[in-house]
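Note that UniProt numbering gives residue 253 to position 253 of the sequence shown, counting from 1, and the numbers run on in steps of one.
Glycine included, C-beta positions come from ideal geometry on N, C-alpha and C.
Here is the structure we will look at.
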Amino acid sequence: MKYNRRALYDKFVSFYHIVSDDESSEAQLRGKMGHFVRKARREISPDWTVEDRIYRLLQLVYDDWGFHCDPEHYFYARNLYLPYVLEHREGMPVSLGAIILYLAEVFDLPIYPVNFPTQLILRIELDDKVIFIDPWNGSDISQEKLQQLYEATFGFGAQMQPQELERADFKLLTERFEQLAKNALIREEHNEIAFRYIEHLIRWSEDPYHIRDRGIVLAQMGAYPAALKDLEYFVDKCPKDPTAALIRVQLLELKGEMGKDRQSIH
1 MKYNRRALYD KFVSFYHIVS DDESSEAQLR GKMGHFVRKA RREISPDWTV
51 EDRIYRLLQL VYDDWGFHCD PEHYFYARNL YLPYVLEHRE GMPVSLGAII
101 LYLAEVFDLP IYPVNFPTQL ILRIELDDKV IFIDPWNGSD ISQEKLQQLY
151 EATFGFGAQM QPQELERADF KLLTERFEQL AKNALIREEH NEIAFRYIEH
201 LIRWSEDPYH IRDRGIVLAQ MGAYPAALKD LEYFVDKCPK DPTAALIRVQ
251 LLELKGEMGK DRQSIH
């Protein structure tokens, strides 16, 4: 089955459409991406080798067009909003990687996502070799450097497994994107937007993690009884999850707040 390289980009489009509630957003995004595709067609010759076409594409995106990651604003939710990313040419590895993958699909270039634990990595598959690209800046990244990043996350001596450098399973990639988006919205207390997005996800799947995150948002909005119900559901369904202990503490705090509210009524 053909690997859909633009699937991650489509996920970004869907996310923005949900959180912005802008029916014209998809057409506008198609126009902006079409502009970059036309510029790339003028710069990339089909007569070049596949490797040369890939590296010219990366040069266009990062050097000529100026796409970049800002370490000072790395986790901001706006880095997941495609109109912002395309307008300001600023994002995070997953959003810039999605743009590269979209262009790779258009030009039929063998670039694929890798669901690496620390961030999205890109994988170039040539006849005689595999090259890894860091979408932070479009440069090559060695397996030795990836191993260092892996150890920084999981501890000295932890060994990354070969399957962790394979093409990403789209279901897992989607789940990771959804969690990243929820975390960014919740952290910045974009509560109404976060609630709308999570409600959309729950309509498709009553995943306990979606329920948990809805509970966190409801707590931030002061809807304590509804938040309590969601968080208790999560702890009941996922008692061994590392976040369950923190949720139990939050449950005690919520019950305390609800007790104060009842006292103030009386």
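Beta-carbon within less than 8 Å of residue i's beta-carbon, same chain only, minus the 5 sequence neighbours each way: which residues are those?
| i | result |
| --- | --- |
| I202 | H210, I211 and R214 |
So, using beta-carbon positions, are residue i and residue j closer together than 8 Å?
| i | j | result |
| --- | --- | --- |
| V19 | I193 | yes |
| V37 | L103 | yes |
| K32 | L86 | yes |
| L246 | L228 | no |
| P208 | K182 | no |
| E257 | Y224 | yes |
| L96 | F15 | no |
| L185 | Y197 | yes |
Candidates the options: which alpha carbon is nearest residue i's?
| i | options | result |
| --- | --- | --- |
| I99 | P117, G34 and E72 | G34 |
| E51 | D236, I124 and T243 | I124 |
| K2 | G155, G157, E105 and M160 | E105 |
| M92 | P83, F75 and Y84 | F75 |
| F12 | T243, P83, A244 and P162 | P83 |
| V130 | G222, P162, F156 and G157 | P162 |
| T49 | L126, S25 and H17 | L126 |
| W65 | E26, D134 and H88 | H88 |
| P71 | N137, D21, G222 and H17 | N137 |
| H68 | V235, R176 and P135 | P135 |
| A226 | A244, T243 and F195 | F195 |
| A77 | E178, E26 and M221 | E178 |
| D63 | E90, S25, R187 and D21 | E90 |
| Q59 | V249, M221, I133 and R176 | I133 |
Leaving out five residues before and five after residue i in sequence, what residues of the same chain have Cβ atoms less than 7 Å from its Cβ?
| i | result |
| --- | --- |
| I44 | R53, R56, L57 and F107 |
| L101 | R5, R6, L8, Y9, I111 and P113 |
| M160 | L146, Q147 and Y150 |
| H266 | Confidence at H266 is low in this model, with a pLDDT of 46, below 50, so the placement of that residue should be treated as unreliable; the coordinate-derived value is given next. Here the set comprises nothing. |
| R248 | V235 |
Apart from the five residues on each side of it in sequence, which residues of its chain come closer than 6 Å, Cβ to Cβ, to residue i?
| i | result |
| --- | --- |
| F116 | none |
| Y233 | I211 |
| L251 | L231 |
| V94 | L120 |
| T118 | L149 and T153 |
In the DSSP assignment, what are the bridge partners of residue i?
| i | result |
| --- | --- |
| S139 | D134 |
| G91 | C69 |
| R123 | Y112 and F132 |
Is the number of C-beta pairs between the stretch 148 to 166 and the stretch 103 to 119 that are closer than 8 Å three or more?
yes
Spell out a yes or no on whether the stretch 168 to 184 and the stretch 126 to 144 are touching, meaning 3 or more CB-CB pairs, one atom from each, closer than 8 Å.
no
Please determine if the stretch 147 to 165 and the stretch 179 to 197 are in contact, where contact requires at least 3 C-beta pairs separated by less than 8 Å.
no
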